[in-house]
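Student:
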């Protein structure tokens with residue numbers, strides 16, 4: 524039971540933390556683009572836009588940092604055996620992430636915030652690009668550790684522990700170079716859809732159109748490009764996994780037995796885990812071979828055959844991940860990603876025709892579409908980690924053997940409930956602050972030419988009428 528509780532705790536904290544990481548990367552990148560346009564055109568509206576969106580970046584970053592610290596506590600509390608096993612491999616990557624990437628981001632964030640009107644424009648612009656670089660590098664170094672869990676490289680086993688033998692092998696891990704671009708472009712798409720959605724809210728209310736129509740258009744273009752690139756590198760990652768983690772991809776397809784030469788893709792299926800078969804399935808001929816090998820022919824190994832191979836290689840045991848979760852999270856991720864491409868494409872067409880303000884239904888759709896990248900990101904990470912089971916480090920250490928031997932069920936349950944409570948409080952604060960920032964709008968939106976805030980309107984009688992719009 525301690526293993527299950529520890530997994531639940533790590534799953535909850537990781538998914539929650541990753542709600543904030545992509546938005547930090549994506550918004551930082553977009554703010555840097557906005558300020559670049561401001562410096563190039565010397566147009567004050569782009570400066571105002573950059574300053575407005577930074578409010579959400581700061582709220583998001585603050586919660587991301589706190590939740591990341593909570594997440595790291597668990598390595599020592601619940602997963603001490605795992606920490607001892609991989610500590611020599613993970614140590615350098617996590618150290619560089621903290622000492623270089625995070626400090627790069629936080630230092631130049633301070634320069635950006637307090638450097639307006641104090642630094643030359645180009646120097647100030649460089650600071651926000653360094654903030655964006657820092658947040659991206661932070662994700663890169665974390666993913667070097669995760670890539671080792673997915674596909675261990677550059678190590679040797681000594682006294683029951685993995686010790687690094689080649690830092691270069693860690694950095695050139697092929698898993699890293701399909702995983703990192705997928706996460707990066709997904710993060711840019713997350714920031715873009717957030718900016719599009721919030722801009723749509725203002726456009727629906729006809730507030731500050733001169734600021735939010737450009738925000739809407741720039742973010743729409745970036746959303747389309749990043750969504751397509753996320754899909755492209757995601758396809759490459761899936762093809763890599765067919766070879767590197769064939770059981771994960773077999774579970775993603777609920778493929779119980781090795782496919783025929785021309786493998787069909789299963790769209791939906793009734794999965795009978797106990798019986799190791801599907802009660803029904805809707806399939807598209809040839810598509811699985813095309814997706815796996817970029818050709819019409821190619822067999823994909825099945826779950827039952829891979830289980831037999833793994834028993835021969837690793838000894839008795841169940842090496843099948845949760846097929847139901849793997850199958851449906853994979854489809855939720857792909858479905859949400861496909862909708863992102865479609866909606867951003869429609870947005871680009873409307874933008875090119877200068878008609879986005881005339882289609883309220885689309886603006887409302889883009890407001891709701893803020894959720895799509897979060898759904899895709901969450902489903903993708905659940906699939907990535909659940910599909911690797913029963914391994915915590917693929918082929919080297921099983922999850923059941925990685926927990927702390929002296930931590931009781933009560934200890935884990937107490938911290939699980941405690942962390943969940945703290946996270947609910949943080950989420951409530953974050954949503955409140957973001958909603959307040961949206962309602963308030965840009966700093967000078969309510970300033971009239973005479974300097975009197977326009978949301979304080981004097982009535983003829985001399986009374987004060989507060990306009991809450």
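Numbering (our numbering), first residue to last: 524 to 992.
Ideal Cβ positions, reconstructed from N, Cα and C, are used throughout, including at glycine.
None of these values were measured; they are calculated from a predicted model.
(1) Assuming residue 716 and residue 756 form a contact by the criterion Cβ under 8 Å, report the distance between their Cβ atoms to the nearest whole angstrom.
(2) Residue 750 and residue 739 - do their beta-carbons sit closer together than 7 Å?
(3) Rounded C-beta distance between residue 502 and residue 796? I'm assuming under 8 Å.
(4) Spell out the partners DSSP gives residue 842 in its beta bridges.
(5) For residue 844 and residue 777, I'd like the C-alpha separation in whole angstroms.
(6) Measuring CA to CA, which of 670, 637 and 611 is closest to residue 917?
(7) Would you identify the three-state DSSP class for residue 611, choosing helix, strand or coil?
(8) Can you grab the Cα-Cα spacing for the pair residue 699 / residue 666, in whole Å?
(9) Going by DSSP, name the residue or residues bridged to residue 806.
(10) Since residue 686 and residue 760 should fall inside the 8 Å C-beta cutoff, what is the C-beta to C-beta distance between them, to a whole number of angstroms?
(11) Check this for me: beta carbons of residue 574 and residue 540, under 7 Å apart or not?
(12) Determine which residues share a DSSP beta bridge with residue 678 and list them.
(13) Which first and last residues belong to the beta strand (DSSP E) in which residue 993 is found?
(14) Could you give the residue range of the alpha helix (DSSP H) that holds residue 733?
(15) Which value, in whole angstroms, describes the spacing of the CA atoms of residue 730 and residue 788?
(16) Is residue 725 closer than 7 Å to residue 915 when the C-beta atoms are compared?
(17) Just to confirm, is the Cβ distance from residue 743 to residue 559 under 7 Å?
(18) How would you call residue 689, buried or exposed, if buried means at least 16 neighbouring beta carbons within 10 angstroms?
(19) For residue 813, which of helix, strand or coil comes out of DSSP?
(20) For the putative contact between residue 712 and residue 896, defined by C-beta atoms under 8 Å, what is the C-beta separation to the nearest angstrom?
(21) When the Cα atoms are used, what is the spatial distance from residue 853 to residue 645?
(22) For residue 927 versus residue 603, is the C-beta spacing smaller than 7 Å?
(23) Measure how close the beta-carbons of residue 473 and residue 547 come, nearest whole angstrom, since I'm counting them as under 8 Å.
(24) Return the chain-ordered list of same chain residues with a C-beta closer than 6 Å to the C-beta of residue 647, the five sequence neighbours on each side being excluded.
(25) Tell me, please, whether the segment 610 to 625 touches the segment 649 to 662 by the rule of three or more beta-carbon pairs shorter than 8 Å.
(26) Mapping DSSP to helix, strand and coil, what is residue 799?
(27) Got a sec? Which residues, its chain only, sit under 7 Å from residue 893 by beta carbon, not counting five neighbours each side?
(28) Using only alpha-carbon positions, find the residue among 588, 782 and 535 that is nearest to residue 810.
(29) Going by CA-CA distance only, name the one from 611, 597, 898 and 579 that's closest to residue 676.
(30) I need the straight-line Cα distance from residue 551 to residue 822, nearest angstrom please.
(31) Please classify residue 771 as buried or exposed, where buried requires at least 16 neighbouring CB atoms within 10 angstroms.
(32) Just how far apart, CA to CA, sit residue 613 and residue 911?
Tutor: Let me lay it out:
(1) Contact doesn't hold; Cβ gap of about 18 Å is too wide.
(2) No, the Cβ-Cβ distance between residue 739 and residue 750 is not below 7 Å.
(3) With the chain represented from 524 up to 992, any question about residue 502 goes unanswered, as that position is not in the structure.
(4) Paired residue(s): none; residue 842 is not in a bridge.
(5) The C-alpha of residue 844 lies about 11 Å from the C-alpha of residue 777.
(6) Of the candidates 670, 637 and 611, the one whose C-alpha sits nearest the C-alpha of residue 917 is 670.
(7) Helix, per DSSP.
(8) Residue 699 and residue 666 have their alpha carbons spaced roughly 7 Å apart.
(9) 789, per the DSSP bridge assignment.
(10) The distance from the Cβ of residue 686 to that of residue 760 is about 28 Å, inconsistent with a contact at the 8 Å cut-off.
(11) Going by C-beta atoms, residue 574 is not nearer than 7 Å to residue 540.
(12) Residue 678 is bridged to 687.
(13) Residue numbering for the chain in the displayed model covers 524 to 992; residue 993 lies beyond these limits and cannot be assessed.
(14) Run containing residue 733: 732 to 767, per the alpha helix (DSSP H) assignment.
(15) Going by the C-alpha atoms only, they are around 47 Å apart.
(16) For the 7 Å CB-CB criterion, residue 915 and residue 725 do not form a contact.
(17) No.
(18) Counting the other Cβ atoms within 10 Å of the Cβ of residue 689 gives fewer than 16, which makes it exposed.
(19) In the displayed model, residue 813 falls within a helix according to three-state DSSP.
(20) Contact between residue 712 and residue 896 holds: CB atoms are separated by about 5 Å, below the 8 Å threshold.
(21) About 43 Å.
(22) Yes. Within cutoff.
(23) As displayed, the chain neither begins before 524 nor continues past 992, which places residue 473 out of reach and without an answer.
(24) Correct list, in chain order: 638.
(25) Cβ pair count under 8 Å is three or more, so yes.
(26) Coil, per DSSP.
(27) 716, 717 and 720.
(28) When C-alpha distances from residue 810 are compared across 588, 782 and 535, the shortest belongs to 782.
(29) Closest by alpha carbon: 611.
(30) When rounded, the distance between both Cα atoms is 43 Å.
(31) By the 10 Å Cβ count, residue 771 comes out buried.
(32) Each residue's Cα considered, the two are about 18 Å apart.
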